[in-house]
Structure formats: structure tokens, C-alpha cells
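Scroll down for the structure; my scribbles are underneath it.
In full-length UniProt numbering, the protein residues as written are 1 to 353.
Shown next as C-alpha cells:
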């Protein structure tokens with residue numbers, strides 16, 4: 001617990017002086033005020049993260065944590081749990097285009113981002129692979145409907161493992177970190193965590209996940225409701241252990257470490273959002289390092305973003321996970337930073353106003 005507490009203590013607010021300088025510079029750039037829309041606000045926020053009105057974020061990395069869930073045995077997903085280990089191997093596969101044959105791999109190659117893959121608790125014996133980070137403490141969580149998903153020690157171990165992977169990605173040159181996930185059934189723990197932290201009814205935050213029909217959705221809502229009735233936990237670490245997933249714990253660690261190192265956390269979808277809610281509850285300043293990518297089609301994502309007070313960059317109807325939406329946001333963030341850094345002011349350009 002001491003190591004986790006120290007990690008949380010390292011998270012400080014964004015640089016308010018840099019934000020002020022960036023706001024002033026943004027108002028003087030050679031364009032009508034507000035002409036670059038949301039890119040202007042993004043550029044100012046990036047200045048706060050990096051402590052300069054000339055932000056220059058470099059590399060991007062997506063960290064995909066994979067884990068299985070005991071609650072999947074309740075029939076809350078349209079796919080069987082065997083998909084999780086198969087997809088991990090797909091992330092790692094060698095293809096003619098390069099490493100990895102999943103959507104996140106293809107998108108990451110397109111934008112020049114590096115993909116890191118973590119076994120956070122897959123319910124299978126995965127083979128050793130040079131690109132697989134083996135961090136599992138157990139093969140899948142317990143069934144959160146009837147018992148705690150994990151022990152506090154297991155939750156902390158995965159938080160710290162996620163932090164270590166983010167630290168490695170930053171050491172490798174990434175300034176833009178995209179936490180991602182893979183795990184059949186994981187929108188169920190994300191819904192339970194979100195419902196408890198936001199005080200919302202399960203029906204308001206429980207969606208179709210992999211595409212379940214109406215009957216299975218109603219059953220999924222009932223499972224979420226039963227889990228909430230089972231435990232009164234309200235503290236963030238308690239909520240994580242009772243209702244979360246190993247990959248959610250790992251993503252929480254990724255976010256904490258990224259914020260502590262004053263880098264950008266690119267927030268993907270609903271499952272990632274549940275980790276962000278936990279993170280902001282633990283360290284309120286974490287919010288200033290969160291940059292939501294797209295609005296996820298999963299029910300409950302809008303409530304997460306509303307609570308965080310953050311606006312997504314786009315709405316493409318995505319609900320895949322893997323960090324895929326976050327990867328798509330990397331060029332937008334780099335572009336926003338470039339406008340603030342590389343555009344000239346009216347005075348610098350000699351343009352009359």
C-alpha cells in the first residue's frame with residue numbers, strides 16, 4: 001500500500017501559469033478567435049500538462065491489458081470467454097503488415113504508435129512471447145455477482161503492474177499514453193463500478209457490450225443490480241476489489257503513473273472510463289491529464305464524461321475497446337499542440353488587426 005500511496009502523492013495539478021500563457025498566445029494567433037474550435041481548448045490543456053505554451057508531444061503508445069471475468073459465467077456477453085486469450089495472441093501475431101492482427105494494431109501502425117500487451121489475468125496459460133508482459137496474479141477474477149472479484153492485494157498488484165508498464169512506455173519515448181483493454185464480459189464490472197461511484201441505477205449505465213439482445217441486456221442489468229446489493233463498498237480501492245477487473249486495475253495504474261509523470265492520458269471508452277472514475281476519486285488532479293477520445297456507443301459512457309466534466313473529440317459510434325478510439329485521437333492531439341507551437345501571432349507575422 002505504501003508504494004501505491006506514494007504514486008498517488010506524485011500526482012499534482014497541471015501548470016496553471018503555462019495555461020495562462022497558452023490562453024494569451026492562443027488569442028493572438030493568426031486566425032479569428034475560436035476559428036480552430038475545440039483544437040484551441042485542447043492546445044491550452046496540453047500546455048498545462050507539459051508546462052509550456054509550446055507543447056510538443058512526441059511518441060504515442062497504447063497499453064492493452066487483457067483479463068477474464070468470473071461474471072462471464074452469468075451469460076452477460078454475446079461471446080465466450082475463450083475469445084480473450086485468442087485475441088491476446090492476435091495482438092501479438094506476426095502479419096505481413098507488421099506485429100499484431102487486431103484493430104488496435106492496424107490503427108496504431110497508421111498513426112505511428114507502439115502497442116504494448118499485458119496479461120493482467122487471462123484465464124488461460126498463454127505462451128511466452130517477447131512482446132507479452134506477464135503480470136497476472138490469477139487466471140480471471142471471481143464472479144462479482146456472488147463474491148468480491150479480487151482481493152485488495154491482487155488489485156494493488158495489478159495497479160502497480162499497470163503503472164510499471166506506463167513507466168516503460170514513457171521511458172521508450174511516449175508522451176501520449178492510451179490505456180486499452182480486452183476481456184470478455186468486462187463491460188459488466190465497468191457498469192457496476194460506474195453505477196456505484198456515480199450513484200446511478202444499473203439500467204442507466206449498463207449497455208449491450210459485445211452486442212447482446214434485449215433479453216440478455218435485461219439479465220445483465222439484473223446481475224449488476226445483484227452485485228451492488230451484495231456489497232456496500234464505496235471507497236475507490238474497495239469498489240475496484242469488489243466489482244472491478246484485473247485489466248481495470250491495470251489501466252488505473254497506467255493512468256496514475258502517466259499523470260504523475262505529467263504526460264497525456266488518452267481516454268478511450270466505457271471500460272477505460274470506469275478506471276478513470278476510480279483514478280479521479282483517488283487523485284482529483286488526475287482529471288487534468290485525461291483527454292477523452294471519442295464518445296463510446298456503450299450506455300453509461302456519457303454519464304462518466306459528464307461527471308468528469310470532459311468533452312470527447314469525436315463520435316464515430318465506436319465500442320470495440322482495445323484502446324482503438326484512443327489511438328485515433330493521437331493525430332488530433334498532435335495537431336492541436338502544433339497550432340499553439342508553430343502558428344505565428346499577428347504581431348510576429350506582421351498581419352494588421
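Using N, Cα and C, we set each Cβ at its ideal position, and we do this for glycine too.
Which residue marks the beginning of the alpha helix (DSSP H) containing residue i, and which one marks its end?
{"i": "residue 61", "result": "Unbroken run through residue 61 is the beta strand (DSSP E), 59 to 67; no alpha helix (DSSP H)."}
{"i": "residue 48", "result": "38 to 50"}
{"i": "residue 252", "result": "246 to 260"}
{"i": "residue 236", "result": "236 to 243"}
Kindly indicate the opening and closing residues of the beta strand (DSSP E) around residue i.
{"i": "residue 153", "result": "It is not in any beta strand (DSSP E) - residue 153 instead sits in the alpha helix (DSSP H) that spans 152 to 171."}
{"i": "residue 133", "result": "132 to 134"}
{"i": "residue 54", "result": "Segment: none, residue 54 is in no beta strand (DSSP E) and carries neither H nor E."}
{"i": "residue 318", "result": "Counting along the chain, residue 318 falls outside any beta strand (DSSP E), and DSSP gives it neither H nor E."}
{"i": "residue 424", "result": "With the chain represented from 1 up to 353, any question about residue 424 goes unanswered, as that position is not in the structure."}
{"i": "residue 205", "result": "Where residue 205 is concerned, there is no enclosing beta strand (DSSP E), although the alpha helix (DSSP H) it sits in stretches over 202 to 205."}
{"i": "residue 267", "result": "264 to 267"}
{"i": "residue 352", "result": "Careful: residue 352 lies outside any beta strand (DSSP E) and carries neither H nor E."}
{"i": "residue 292", "result": "290 to 292"}
Residue i to residue j, Cα distance in whole Å?
{"i": "residue 363", "j": "residue 148", "result": "No answer is possible for residue 363: the residues shown for the chain start at 1 and end at 353."}
{"i": "residue 251", "j": "residue 96", "result": "30 Å"}
{"i": "residue 313", "j": "residue 301", "result": "14 Å"}
{"i": "residue 66", "j": "residue 22", "result": "38 Å"}
{"i": "residue 268", "j": "residue 105", "result": "15 Å"}
{"i": "residue 304", "j": "residue 89", "result": "31 Å"}
{"i": "residue 167", "j": "residue 112", "result": "19 Å"}
{"i": "residue 122", "j": "residue 68", "result": "5 Å"}
{"i": "residue 333", "j": "residue 48", "result": "13 Å"}
{"i": "residue 335", "j": "residue 197", "result": "34 Å"}
{"i": "residue 58", "j": "residue 77", "result": "38 Å"}
{"i": "residue 136", "j": "residue 159", "result": "11 Å"}
{"i": "residue 29", "j": "residue 18", "result": "16 Å"}
{"i": "residue 263", "j": "residue 232", "result": "35 Å"}
{"i": "residue 306", "j": "residue 42", "result": "17 Å"}
{"i": "residue 92", "j": "residue 141", "result": "23 Å"}
{"i": "residue 152", "j": "residue 34", "result": "47 Å"}
{"i": "residue 25", "j": "residue 350", "result": "15 Å"}
Compare the C-beta of residue i against all C-beta atoms of chain B and say whether one is closer than 9 Å.
{"i": "residue 16", "result": "Chain labels in this structure do not include chain B; a single protein chain is all it has."}
On the three-state DSSP scale, how would you describe residue i?
{"i": "residue 275", "result": "helix"}
{"i": "residue 79", "result": "coil"}
{"i": "residue 30", "result": "coil"}
{"i": "residue 357", "result": "The chain is shown from 1 up to 353; residue 357 falls before or after that span and cannot be answered."}
{"i": "residue 110", "result": "helix"}
{"i": "residue 3", "result": "helix"}
{"i": "residue 343", "result": "coil"}
{"i": "residue 214", "result": "helix"}
{"i": "residue 306", "result": "helix"}
{"i": "residue 141", "result": "coil"}
{"i": "residue 233", "result": "coil"}
{"i": "residue 127", "result": "coil"}
{"i": "residue 222", "result": "helix"}
{"i": "residue 115", "result": "strand"}
{"i": "residue 325", "result": "helix"}
{"i": "residue 98", "result": "strand"}
{"i": "residue 121", "result": "strand"}
{"i": "residue 74", "result": "helix"}
{"i": "residue 11", "result": "coil"}
{"i": "residue 90", "result": "helix"}
{"i": "residue 284", "result": "helix"}
{"i": "residue 105", "result": "helix"}
{"i": "residue 299", "result": "coil"}
With residue i and residue j assumed to form a contact (beta carbons below 8 Å), what rounded beta-carbon distance in angstroms separates them?
{"i": "residue 286", "j": "residue 236", "result": "The pair is not a contact, with the Cβ atoms about 11 Å apart (cut-off 8 Å)."}
{"i": "residue 55", "j": "residue 340", "result": "7 Å"}
{"i": "residue 206", "j": "residue 220", "result": "6 Å"}
{"i": "residue 177", "j": "residue 258", "result": "4 Å"}
{"i": "residue 133", "j": "residue 116", "result": "7 Å"}
{"i": "residue 60", "j": "residue 310", "result": "Not a contact, Cβ separation roughly 19 Å."}
{"i": "residue 261", "j": "residue 170", "result": "5 Å"}
{"i": "residue 256", "j": "residue 11", "result": "7 Å"}
{"i": "residue 126", "j": "residue 85", "result": "6 Å"}
{"i": "residue 165", "j": "residue 118", "result": "6 Å"}
{"i": "residue 225", "j": "residue 174", "result": "Between residue 174 and residue 225 the Cβ distance is about 39 Å, and since that is not below 8 Å, they are no contact."}
Using beta-carbon positions only, say whether residue i and residue j come within less than 9 Å of one another.
{"i": "residue 190", "j": "residue 253", "result": "no"}
{"i": "residue 319", "j": "residue 298", "result": "yes"}
{"i": "residue 323", "j": "residue 64", "result": "yes"}
{"i": "residue 150", "j": "residue 72", "result": "no"}
{"i": "residue 193", "j": "residue 239", "result": "yes"}
{"i": "residue 186", "j": "residue 271", "result": "yes"}
{"i": "residue 249", "j": "residue 8", "result": "no"}
{"i": "residue 146", "j": "residue 327", "result": "no"}
{"i": "residue 347", "j": "residue 247", "result": "no"}
{"i": "residue 293", "j": "residue 317", "result": "no"}
{"i": "residue 139", "j": "residue 155", "result": "no"}
{"i": "residue 288", "j": "residue 14", "result": "yes"}
{"i": "residue 75", "j": "residue 216", "result": "yes"}
What I want to know is whether the C-beta of residue i ends up closer than 8 Å to one or more non-hydrogen atoms of the ligand COA.
{"i": "residue 135", "result": "Of ligands this structure carries none, so the ligand COA is not represented either."}
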